[in-house]
Amino acid sequence: MTATPSAERPSFYPRFLFPHSLTYNAWARLTAKDIHEGLHRRRGFEGQDVWFYSNHPIRWVRVVGVVVVYDDMEKMVSITVDDGSGYLMDLVVWKGEPPTGRKPKFSFDDLKEVGLHSIIKAKGSLGEFRGNKQLLLRRIAVLHDTNDEVDAWTETIKFKKNVLSKPWHLTEVFINEERGRVMGAIEEEERKKEKKRRKDEQTLRRKEKELEKAGREEKRKGK
Numbered sequence: 001m002t003a004t005p006s007a008e009r010p011s012f013y014p015r016f017l018f019p020h021s022l023t024y025n026a027w028a029r030l031t032a033k034d035i036h037e038g039l040h041r042r043r044g045f046e047g048q049d050v051w052f053y054s055n056h057p058i059r060w061v062r063v064v065g066v067v068v069v070y071d072d073m074e075k076m077v078s079i080t081v082d083d084g085s086g087y088l089m090d091l092v093v094w095k096g097e098p099p100t101g102r103k104p105k106f107s108f109d110d111l112k113e114v115g116l117h118s119i120i121k122a123k124g125s126l127g128e129f130r131g132n133k134q135l136l137l138r139r140i141a142v143l144h145d146t147n148d149e150v151d152a153w154t155e156t157i158k159f160k161k162n163v164l165s166k167p168w169h170l171t172e173v174f175i176n177e178e179r180g181r182v183m184g185a186i187e188e189e190e191r192k193k194e195k196k197r198r199k200d201e202q203t204l205r206r207k208e209k210e211l212e213k214a215g216r217e218e219k220r221k222g223k
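Residues in the sequence shown are numbered from 1 upward in steps of one, following full-length UniProt numbering.
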């Protein structure tokens, strides 16, 4: 499926190939610096809730750090985390409907142990407010044990080394095979829709004929 890429600029693949990446359906273990400097949008993928690190498609992010700001407001809870990367990361959870976009699922029970100076592990999707990237919280947990914190940081380091350090690459053979599979699935779905449409039309015509027949019988009875 994959091969060692050349030194050329990385390819950006169409969305139907995203599930074959190591990042699209995973929690990307990133630092605040990775998020602010490395993640970007790309023209042609607007409205698809996807960001890119190099050419890796990313939807969900996990960060680890120390809570330096905890602000419980009327409409939202805003948490700022310092992970030592040189950048801060804002985590946001809305109490009601957010001003734009969909509201991620979140349990406020997860916030009971979170406070200033808590060491936390947070997961969520990415959004932007006035040009600043934010993590829209889905899960958050306090790391009480030093070993848990070390393990979390080790996961981040390994993820960057093993996954993000090189571009995502697919062979042309695999791309063509997958395109054929996807097109075949689309055509099969269209055939099913057409078959259902014809069946519905036949059912409708049969019912119309039954109603016409019933109407004629009623007229005969009335004479």
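Built from N, CA and C at the ideal position, the CB exists for glycine as well.
If you're wondering where the values come from, they're calculated on a predicted model, not measured in any experiment.
Pairwise C-beta distances place the region 83–93 in contact with the region 57–67, as three or more of them are shorter than 8 Å. Take the alpha-carbon of E128 and the one of R41: they are about 11 Å apart.
For F45, no beta strand (DSSP E) encloses it, and the DSSP letter there is neither H nor E. Ranking F52, A122, I58, R43 by CA distance to the CA of I79 puts A122 first.
The closest CA to that of K112, considering only R130, G86, N132, R139, is found on R139.
In the structure shown, F129 adopts extended strand secondary structure according to DSSP, grouped into three states. Judged by beta-carbon spacing, P57 lies beyond the 9 Å limit of W153, meaning their Cβ atoms are not closer than that value. For W153, the secondary structure class from DSSP, reduced to helix, strand or coil, is helix. For M89, the three-state secondary structure derived from DSSP is strand. Check the Cα spacing between R59 and each of L126, K221, K95, V68: the tightest is with L126.
By the Cβ test, the region 18–31 is in contact with the region 145–162, since at least three Cβ pairs between them sit closer than 8 Å.
Beta-carbon to beta-carbon, I175 and V142 are separated by about 44 Å, too far to satisfy the 8 Å threshold. In this structure K133 touches H36 by the C-beta definition: roughly 6 Å separates them, less than 8 Å. Annotation for F106: V93, L137, R138 place their beta carbon closer than 7 Å to its own, counting only its chain and skipping 5 residues before and after. When secondary structure is reduced to three states using DSSP, R59 falls in the coil class, being assigned neither helix nor strand. I119 is bridged by DSSP to V66.
Under the three-state reduction of DSSP output, M183 falls in the helix class. Per DSSP, S165 is not a residue of any beta strand (DSSP E), being assigned neither H nor E.
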